[in-house]
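S.K.: In the working numbering, the protein residues as written are 181 to 477.
1. Taking the alpha-carbon positions, what's the residue 295 to residue 417 distance?
2. Would you identify the three-state DSSP class for residue 308, choosing helix, strand or coil?
3. Based on DSSP bridge pairs, tell me the residues matched to residue 400.
4. Run through the region 388-434 for me and flag every whole beta strand (DSSP E) of 3 or more residues, listed as ranges in chain order.
5. Taking C-beta to C-beta, are residue 297 and residue 322 nearer than 9 Å?
6. Which parts of the region 240-294 are runs of the alpha helix (DSSP H), unbroken and 4 residues or longer, counting only runs that do not cross its ends?
7. I'd like to confirm the pairing. Which residues does DSSP put opposite residue 188 in its beta bridges?
8. Considering residue 222, what are the terminal residues of the alpha helix (DSSP H) in which it resides?
9. Assign residue 313 to one of three DSSP states: helix, strand, or coil.
10. Exposed or buried, what is residue 336 when buried is set at 16 or more other beta-carbons lying within 10 Å of its beta-carbon?
11. Tell me whether the beta-carbon of residue 312 lies closer than 9 Å to the beta-carbon of residue 399.
12. Considering only the beta carbon of each residue, do residue 462 and residue 422 sit closer than 9 Å?
13. Do you know whose CA, among 451, 386, 285, 436, lies nearest residue 359's CA?
14. Nearest by alpha-carbon distance to residue 320: which of 284, 454, 184 is it?
15. I'd like to know if residue 394 contacts chain C, where contact means its C-beta is closer than 9 Å to some C-beta of that chain.
16. So residue 420 and residue 414 are in contact, right, with Cβ under 8 Å, and what is the actual spacing, rounded?
17. For the alpha helix (DSSP H) containing residue 446, list its first residue and its last residue.
18. Please go through the same chain and pick out, in chain order, the residues whose beta-carbon is closer than 6 Å to the beta-carbon of residue 383, but skip the five residues on each side of it.
19. How many Å lie between residue 197 and residue 464 at the Cα?
20. For the region 364-383 against the region 265-284, do three or more pairs of beta-carbon atoms, one drawn from each stretch, fall closer than 8 Å, so that the two count as touching?
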């Protein structure tokens, strides 16, 4: 099992950090992570399980997170004003989708199978809309369409979203635990040790609340993608937790309804995370969509 060291490539005005798992000769599979979450949010074990199924897996840090470029000069946006419908964002989800297309260029991938979680699902959707020839299949996990009438966070999750930034490593680890007790999966084991380990790794790699705010601004200023989702023709799987308090399951249902022929898997007991117990089933289902995408080429 090959696992690369962190590599970097320049895409437009940003540098993206990425890692790969598996053989470069295998089927290309790109993992796109969500808001405030670094590439390590795709756990090594999950990536290896996908690689073991014959995929060359790449995960990466989006702009403004982890070891990729942080747009410090843009400052911190007024997120509360953006929630109220006022103000602008330093960049858009479309810009982040174009970053992703540029990463495919750097990898030498004419096209790939794309899996996105949460904001990563929004980016993956936008990539498929903006660069349809680059995407062989699409998996959108715990995401939504940009339609404000679906996928809204529960009030309890808004409190987590707007909590003041942590001011120390210990506080950041505790904040991660507190957050996932609210938005995590109530039907599965709460793995506090793994959560603290990943939160510590993320803090040590990079901690930048202003960068997270800029990512959130991109989400809050995005257009409704529903009509454009109807143009997607590649095999698509939509996965959503029935107990997701951060992105209501209506967002997943709307996504699947908008994409012709999309399969919808609503998981009882799942919230806004990917419990380890679900990994084998998720890997199976991703692999099945990849096979359909390969067969359609």
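Where is the CB? At the ideal position from N, CA and C, for every residue including glycine.
M.R.: On the basis of the supplied data:
1. Cα-Cα distance, rounded: 9 Å.
2. Of the three classes helix, strand and coil, the one that applies to residue 308 here is helix, per DSSP.
3. For residue 400, which the question treats as bridged, DSSP gives no partner whatsoever.
4. Within the region 388-434, the complete beta strand (DSSP E) segments at least 3 residues long are 416-421, listed from N- to C-terminus.
5. A contact, by the Cβ cut-off of 9 Å.
6. Listed in chain order, they are 259-263, 273-287.
7. According to DSSP, which records beta bridges pairwise, residue 188 is partnered with 197.
8. From DSSP, residue 222 is part of no alpha helix (DSSP H); its letter is neither H nor E.
9. Helix.
10. By the Cβ-count criterion, residue 336 is exposed, with fewer than 16 other Cβ atoms from all chains shown falling within 10 Å of its own Cβ.
11. One thing to note: residue 312 has its Cβ no nearer than 9 Å to the Cβ of residue 399.
12. Going by beta carbons, residue 462 and residue 422 fall outside the 9 Å limit.
13. Cα-wise, what sits closest to residue 359 is 451.
14. Of the candidates 284, 454, 184, the one whose C-alpha sits nearest the C-alpha of residue 320 is 454.
15. Absence of chain C from the displayed structure is noted, only one protein chain being present.
16. Incorrect: roughly 19 Å between the Cβ atoms, too far for contact.
17. Here residue 446 belongs to no alpha helix (DSSP H); instead the beta strand (DSSP E) covers 443-447.
18. Only 349, 352 meet the Cβ criterion.
19. Between residue 197 and residue 464, the alpha-carbon positions lie close to 27 Å from each other.
20. A contact between stretches requires three or more CB pairs, one per stretch, nearer than 8 Å, and the region 364-383 fails this requirement with the region 265-284.
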